[in-house]
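Note sheet for the following structure.
Numbering (this note's numbering), first residue to last: 1 to 133.
In structure tokens:
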């Protein structure tokens with residue numbers, strides 16, 4: 001459902017010139033590794049996707065350097081699952097509310113943390129660094 005409906009609809013809004021230069025990146029989560037997902041990525045992003053089983057492998061135990069990993073996913077999960085989700089519609093509504101609640105000032109602070117995180121990662125030669133922050 002997600003690949004054929006949600007993601008495709010989202011990508012329809014992006015200009016073709018941009019799409020042709022995009023790389024798709026995902027971690028090794030089981031849902032990302034199933035054959036239909038890898039087949040779709042091979043078809044839509046030939047030699048332009050990073051992940052388990054892909055043309056460019058996702059590094060094992062890689063540090064969380066992207067804002068999605070070190071901030072957004074955990075923040076959204078905290079907001080969405082504060083109370084028990086009862087239906088799919090409830091989940092969608094909570095996800096929408098959580099995403100729209102992230103204010104630009106917070107995103108700016110998160111973005112300014114990237115160089116500091118990258119330097120800490122380099123200082124630790126790619127090893128665990130988050131305790132330094």
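For each residue, glycine too, the CB sits at the ideal point set by N, CA and C.
- Taking a contact as a CB-CB distance under 8 Å, the pair residue 51 and residue 27 counts as one, their CB atoms being some 7 Å apart.
- In the assembly as shown, residue 117 is a buried residue. Its beta-carbon has 16 or more other beta-carbons within 10 Å.
- For residue 76, the closest of 29, 62, 59 and 103 by C-alpha to C-alpha distance is 103.
- Going by beta carbons, residue 48 and residue 23 fall inside the 8 Å limit.
- Residue pairing for residue 25: DSSP places it in a beta bridge opposite 50.
- Between the alpha carbons of residue 92 and residue 99 lies a distance of about 11 Å.
- Linking residue 97 to residue 124 through their CA atoms gives a straight-line distance of about 37 Å.
- About 7 Å separates the CB atoms of residue 67 and residue 114; that is less than 8 Å, so the two are in contact.
- Per DSSP, reduced to three states, the secondary structure at residue 56 is strand.
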